[in-house]
Every structure is written in C-alpha cells, then in structure tokens.
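The block underneath contains the structure these notes are about, expressed in structure tokens.
Residue numbers (UniProt numbering): 1 to 237.
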C-alpha cells in the first residue's frame with residue numbers, strides 16, 4: 001500500500017466483501033462489459049463513500065439554511081415526530097383492504113394523538129429554550145402593537161426608535177404650520193389681485209365696446225349729413 005492511498009481503503013474492501021456476502025453480487029458486476037459498468041458506476045459506490053457524500057450534502061444544506069441546521073443537529077429530539085408520521089403513512093399503504101374496516105377505530109385513535117405527546121419533557125424544554133429569543137422578540141412586538149392600538153397609532157414600526165425623534169417632529173410641525181399660514185396669506189393676496197385684474201379687464205372691455213358703438217353712431221350721422229348736403233347742392237343747380 002502506497003502512501004497516496006487512503007487509510008480507509010482496507011475498511012472499504014472489507015465492507016464491500018460483507019455487502020457481497022449479505023446482499024450478493026449484482027449481475028452487472030459479474031458481466032465483463034465495461035460499458036455497463038460505466039453506466040451503473042454510481043450504484044457500485046461503497047458505503048463509506050455514500051456516507052461521506054451524504055455528510056457533505058448535509059453540511060452544505062446546514063450552511064445554507066438555519067432551519068435545516070437545527071433539524072440535523074436536533075434530529076434525535078425530532079425523530080419521534082418524524083417517525084410517527086412515517087409509521088402512520090406506511091401502515092395506511094401496507095394495510096389490506098379487508099382489514100381497513102376492522103382497524104378503523106385504532107387508526108382514528110392514533111391520528112388523535114397530539115405530536116407534542118410523543119416528545120419527552122426534556123425535549124420540550126430544549127425546544128422552548130432554543131426558541132427563547134424568538135418568543136422574547138414576539139412578546140416585545142405584541143407589546144408595541146398593543147401600545148399603538150391604545151394610542152390609535154398603528155403601523156408606525158419600531159416605536160422605541162421613533163420616540164426620541166418626537167421633539168424634532170413637534171418643532172417641524174410648528175414650522176410647517178407657520179409656513180402654511182404664510183402661504184395661505186400669499187394665496188389670498190394673489191386671489192385678490194386676480195379679482196382686481198378681472199374687474200379691470202372687464203371694465204376696459206366694456207369701455208371699448210361702448211366706444212365702438214359711439215364711433216359707429218357718429219360715422220352714421222356724418223354719412224347722413226354728407227348725403228343731405230350733397231342733395232342740397234345738386235338741387236341748387
């Protein structure tokens with residue numbers, strides 16, 4: 001054995017030997033066809049390699065998800081919950097149709113068992129301690145929500161962070177009110193100016209119209225006088 005070989009190689013060989021004695025040698029291994037060996041190479045992995053690959057997969061999933069990490073670390077604690085569900089499903093799948101009616105009451109009793117009853121008190125205490133921080137944060141959020149409801153101010157978010165900003169908010173409100181009053185006064189002045197402008201334009205328009213009628217009347221009188229004078233001159237000659 002060279003130094004580059006894995007120290008687990010002898011154990012791997014012994015495990016393969018035991019597997020062949022217990023489960024037998026697969027037919028595709030007895031065949032000398034290399035193509036078939038290549039196609040089924042995945043199924044010929046040793047237990048050590050499969051366990052190592054499974055451990056690597058679990059480590060990767062644990063690093064990606066905190067929930068999966070908790071499940072893997074506390075698998076022994078959560079095993080009764082998983083085992084109870086799987087056993088009920090397996091019993092439903094394996095039970096013959098002839099026995100379904102006779103065992104109906106037993107299955108109903110098993111389904112009525114609460115999952116919390118399957119866990120020992122020590123496991124329950126461990127789960128509560130692990131959820132301590134989440135429970136404390138939830139309690140704080142509920143207190144804030146209750147306080148907001150009492151003050152009829154909901155949806156403001158982190159109240160503890162907003163309370164120190166209350167003096168600045170009050171000053172801003174006062175400044176906004178002063179600015180609003182000033183803008184209201186300016187708005188009234190502009191409205192008065194516009195009303196005066198409308199009155200001026202309306203009066204000017206009326207004057208122009210009246211002047212137009214007067215000029216038209218004078219033009220008519222001048223035309224009549226010119227025609228009358230022209231007739232008088234023609235009558236003399």
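We put the beta carbon where it would ideally sit given N, CA and C, even for glycine.
Hey, would you say residue i sits closer than 9 Å to residue j, going by beta carbons?
| i | j | result |
| --- | --- | --- |
| residue 48 | residue 15 | yes |
Which first and last residues belong to the alpha helix (DSSP H) in which residue i is found?
| i | result |
| --- | --- |
| residue 188 | 166-236 |
| residue 138 | 132-150 |
Nearest-angstrom Cα distance between residue i and residue j?
| i | j | result |
| --- | --- | --- |
| residue 129 | residue 145 | 25 Å |
| residue 74 | residue 60 | 17 Å |
| residue 202 | residue 190 | 18 Å |
| residue 122 | residue 168 | 51 Å |
| residue 162 | residue 134 | 23 Å |
| residue 76 | residue 70 | 11 Å |
| residue 186 | residue 177 | 14 Å |
| residue 66 | residue 56 | 16 Å |
| residue 41 | residue 141 | With a pLDDT of 46 at residue 41, under the threshold of 50, the modelled position of this residue cannot be trusted, and the question is left open. |
| residue 11 | residue 132 | 45 Å |
| residue 210 | residue 194 | 24 Å |
| residue 188 | residue 143 | 48 Å |
| residue 213 | residue 205 | 13 Å |
| residue 181 | residue 192 | 17 Å |
| residue 138 | residue 149 | 16 Å |
| residue 171 | residue 179 | 12 Å |
| residue 13 | residue 126 | 42 Å |
| residue 166 | residue 175 | 14 Å |
| residue 136 | residue 63 | 25 Å |
| residue 243 | residue 215 | This structure cannot settle anything about residue 243, because the visible part of the chain is limited to 1 through 237. |
| residue 233 | residue 196 | 55 Å |
| residue 228 | residue 198 | 45 Å |
| residue 241 | residue 226 | Look at the range of the chain in this structure, 1 to 237, and you will see that residue 241 is not part of it. |
| residue 72 | residue 58 | 8 Å |
| residue 147 | residue 164 | 16 Å |
| residue 224 | residue 217 | 11 Å |
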